[in-house]
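Residue numbers (the working numbering), protein chains in the order written: chain A, 43 to 475; chain B, 3 to 161.
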């Protein structure tokens, strides 16, 4: 009687992408269209009133983008998803149903530098506050929560430091305060970690990274667990009080646990306009098909590289949770047992200038500001992605002057190691000559 | 049947054999969930007959509202209950009395005693679900808004 639950690898290939109902096309078609015709005015009215599902305009929903949304929701075991133009847009869209001017979030201080900028500076323009705390102690979040705090925001596996976050403990802090936990799961991907299993309420991704997997398409997604009871308190009036522009409809009443995702489309994308393009959604769907295979190789290669660097004379430290002696090894064993991801940092003896010289000496590694590509990538955060941070923020974010970040690709491991070795040699020659 | 989960085949079977639905707790207010469900199910060629003693005799979405299930003058396949869990007990008794084949209780409505009674009388029971959402989920329409239908298939999708 029980229904078979498909495995993760099956979902990665199939979820959201049954054959096209009209043509039978097996691969999900790219619906490259702005708009969709109405059957008649009554149909149009039903669509605008959210009474029947259907397509109006690709800023709101689009069949190709919807396939990506369902795929992502299925991989995270959520109820629904809202795809966005980028990972940054996903963060705004995730908060939009929750926040009003004067509200704030408590975020980890070990986040992608761009997120710290977005939350610390640009959110102020919406009247949103952000307080950053060290996520290693869950009580740090608790200490900062006020009655205007609407969410805790963390990365499951933090960029760039290889920091593993104690999801279950932080989820408890959030729920004790009656607020939601938002987890950026970009670095771990649902293949390594599924944060809803540990109490997260909402997940965001930059799909630009491992999900698309080949550096072709910028995109993001917000996924709702569907398990948060919006009516448990009066913190989220966007969902629990009548919406004037929908003639007094109350989202959480009319749509239950679908309301957060529906709000993300019907209000969030409608008004912020940060929709994902059908072409990007298509390329990301193609990428996700091989996510499990790629992550296996990404992690295996990263583990070998981390061990190699650990034993190298020119390296002062390696921050990779897959290493036995790493500070986060126990948390990694609990939350990401299949592998500690493919993005991590290490410290070069010699500091800022050596960091720049090392990055420039690499040949196979691409020097660029992205992660999660099939190609191996390198960056010196202090001089690039994190350069807008203060020195104090740099160190808190694990991006000090001696730090190099690697995103290990799926090339032959011998070639990756050979490239690192020649770069070390060239740096050594340069500094001794 | 534990009524915590239902297989897709069970739900699909009910929706396929149902043509006429008695909707108890109908509302004339367009933004109430029962109005949404009625309007949507009508577009899927179900005949939905609204039941609400306070609105008896009025017309709602082209259908006459009845004061009770027993007043309905055609045969009803399924009774869809938009009432609280306790009230669902008496509605279930009425559903059995009029010969309905299925009792369906809406999201957050669950009455295990009533379910037992209905099953003993040969009816199928669904609780804590919405037929609009289930129809949209199984037909693929729910996926249009980015929802997880939990349906994996390499056949063209149909209800």
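From the three backbone atoms N, C-alpha and C, an ideal C-beta is built for every residue, glycine too.
Shorter than 8 angstroms from the beta carbon of residue 225(A) to some beta carbon of chain B?
-> Using beta-carbon distances, residue 225(A) does not count as an interface residue toward chain B, since no partner is under 8 angstroms.
Collapsed DSSP secondary structure at residue 244(A) in the structure displayed | Three-state result, residue 244(A): strand.
Please go through the same chain and pick out, in chain order, the residues whose beta-carbon is closer than 8 angstroms to the beta-carbon of residue 69(A), but skip the five residues on each side of it.
-> 59, listed in sequence order.
Chain A beta carbons: is any one of them nearer than 8 angstroms to that of residue 122(B)?
-> For residue 122(B), no Cβ of chain A is located within less than 8 angstroms of the residue's own Cβ.
Which whole-angstrom value is the C-beta distance of residue 70(B) and residue 96(B), which I expect to be below 8 angstroms?
-> Correct: roughly 7 angstroms between the Cβ atoms.
Does any CB atom of chain B fall closer than 8 angstroms to the CB of residue 300(A)?
-> Chain B contact via Cβ: present.
Out of 117(B), 23(B), 51(B), 142(B), point me to the one whose CA is closest to residue 91(B)'s CA.
-> Closest by alpha carbon: 117(B).
At a CB-CB cut-off below 7 angstroms, which residues of chain B make contact with residue 328(A)?
-> Contact of residue 328(A) with chain B by beta-carbon distance below 7 angstroms is absent, the smallest such distance being about 17 angstroms.
Start-end ranges of the alpha helix (DSSP H) lying completely within the region 216 to 273 of chain A, minimum 4 residues = Taken in chain order, the unbroken stretches of alpha helix (DSSP H) that lie wholly in the region 216 to 273 of chain A and span 4 residues or more are 231 to 234.
Below 7 angstroms between beta carbons is the criterion; list the residues of the region 117 to 151 of chain B that meet it against any residue of chain A, in chain order.
-> Using a CB distance below 7 angstroms, the part of the region 117 to 151 of chain B facing chain A consists of 138, 142, 143, 144, 145, 146, 147, 148, 149, 150, 151, ordered along the chain.
Quick one: measure Cβ to Cβ for residue 251(A) and residue 269(A), integer angstroms, because I've assumed they're closer than 8 angstroms.
-> Incorrect: roughly 26 angstroms between the Cβ atoms, too far for contact.
Residue 465(A) versus residue 396(A): straight-line alpha-carbon distance, rounded = Their backbone Cα atoms lie some 11 angstroms apart in a straight line.
Among 447(A), 190(A), 124(A), 121(A), nearest to residue 275(A) - alpha-carbon criterion | Among 447(A), 190(A), 124(A), 121(A), the Cα nearest to that of residue 275(A) belongs to 190(A).
Can the beta-carbon of residue 151(A) be found closer than 8 angstroms to that of residue 175(A)?
-> Going by C-beta atoms, residue 151(A) is nearer than 8 angstroms to residue 175(A).
From 120(A), 257(A), 457(A), 403(A), pick the residue whose C-alpha is nearest to that of residue 472(A); which is it?
-> For residue 472(A), the closest of 120(A), 257(A), 457(A), 403(A) by C-alpha to C-alpha distance is 403(A).
Compute the Euclidean distance between the alpha carbons of residue 83(A) and residue 19(B), then round it to the nearest angstrom.
-> Those two C-alpha atoms are separated by around 31 angstroms.
With 16 other CB atoms within 10 Å as the buried threshold, where does residue 323(A) fall?
-> Burial call: buried.
Round the Cβ separation of residue 394(A) and residue 453(A) to the nearest angstrom and send it over; I've been treating them as touching at under 8 angstroms.
-> For a cut-off of 8 angstroms, the C-beta gap from residue 394(A) to residue 453(A) is around 28 angstroms, too long to register as a contact.
Exposed unless 16 or more other CB atoms sit within 10 angstroms - verdict on residue 60(B) | Looking at its Cβ environment, which holds fewer than 16 other Cβ atoms inside 10 Å, residue 60(B) is exposed.
At a Cβ cut of 9 angstroms, what residues of the region 74 to 95 of chain A count as close to chain B, listed as they run along the chain?
-> Cβ contacts with chain B: 85, 88, 91, 92, 93, 94, 95.
Helix, strand or coil: how does DSSP classify residue 146(A) here?
-> Strand.
Take every Cβ of the region 355 to 375 of chain A, pair it with every Cβ of the region 407 to 415 of chain A, and state whether three or more of those distances are shorter than 8 angstroms.
-> Cβ pair count under 8 angstroms is below three, so no.
Within the same chain, show all residues whose beta-carbon is closer than 8 angstroms to that of residue 113(A), passing over the 5 residues directly before and after it, in chain order.
-> So the list reads 53, 54, 57, 58, 59, 327, 330, once near-sequence residues are dropped.
Leaving aside the five residues before and after residue 36(B) along the sequence, list all residues of the same chain whose C-beta is less than 6 angstroms from its C-beta, in chain order.
-> Non-local C-beta neighbours of residue 36(B) in its own chain, meaning closer than 6 angstroms and more than five positions away in sequence, comprise 27, 28, 29, 84, ordered along the chain.
Other residues of its chain near residue 72(A): CB distance less than 7 angstroms, five sequence neighbours each side excluded | If we look at residue 72(A) and ignore the five residues flanking it on each side, its Cβ neighbours are 106, 320, 321, 324.
Inter-stretch contact at 8 angstroms, needing at least 3 Cβ pairs: the region 92 to 110 of chain A / the region 144 to 158 of chain B = Short answer: they touch.
Report the neighbours of residue 173(B) on chain A: residues whose CB is nearer than 7 angstroms to its CB, in chain order.
-> This structure does not reach residue 173(B), given that chain B is present from 3 up to 161, and the question cannot be answered.
Who are the neighbours of residue 156(B) on chain A, taking C-beta pairs under 9 angstroms?
-> Here the neighbours are 56, 60, 61, 68.
Helix, strand or coil for residue 371(A) per DSSP?
-> Three-state DSSP puts residue 371(A) in a helix.
Could you have a look at residue 429(A) and say whether DSSP puts it in helix, strand or coil?
-> Reduced to three states, the DSSP call for residue 429(A) is coil.
Taking 8 angstroms as the cut-off, decide whether the C-beta atoms of residue 121(B) and residue 128(B) are in contact.
-> In this structure, residue 121(B) lies away from residue 128(B), with their beta-carbon atoms at least 8 angstroms apart.
Taking residue 135(A) and residue 264(A) to be in contact with their CB atoms under 8 angstroms, please state how far apart those CB atoms are, rounded to whole angstroms.
-> Cβ-Cβ separation between residue 135(A) and residue 264(A): approximately 5 angstroms, consistent with a contact (criterion under 8 angstroms).
Could you name the residues of chain A that residue 45(B) contacts, counting a contact when the two beta carbons are closer than 8 angstroms?
-> Scanning chain A for C-beta atoms nearer than 8 angstroms to the C-beta of residue 45(B) yields 88, 94, reported in chain order.
Residue 332(A) - DSSP class collapsed to helix/strand/coil = Three-state result, residue 332(A): coil.
According to DSSP, is residue 183(A) helix, strand or coil?
-> Of the three classes helix, strand and coil, the one that applies to residue 183(A) here is helix, per DSSP.
Member of 377(A), 392(A), 308(A), 48(A) whose CA lies at the smallest distance from the CA of residue 356(A) = Ranking the options by Cα distance to residue 356(A), first place goes to 392(A).
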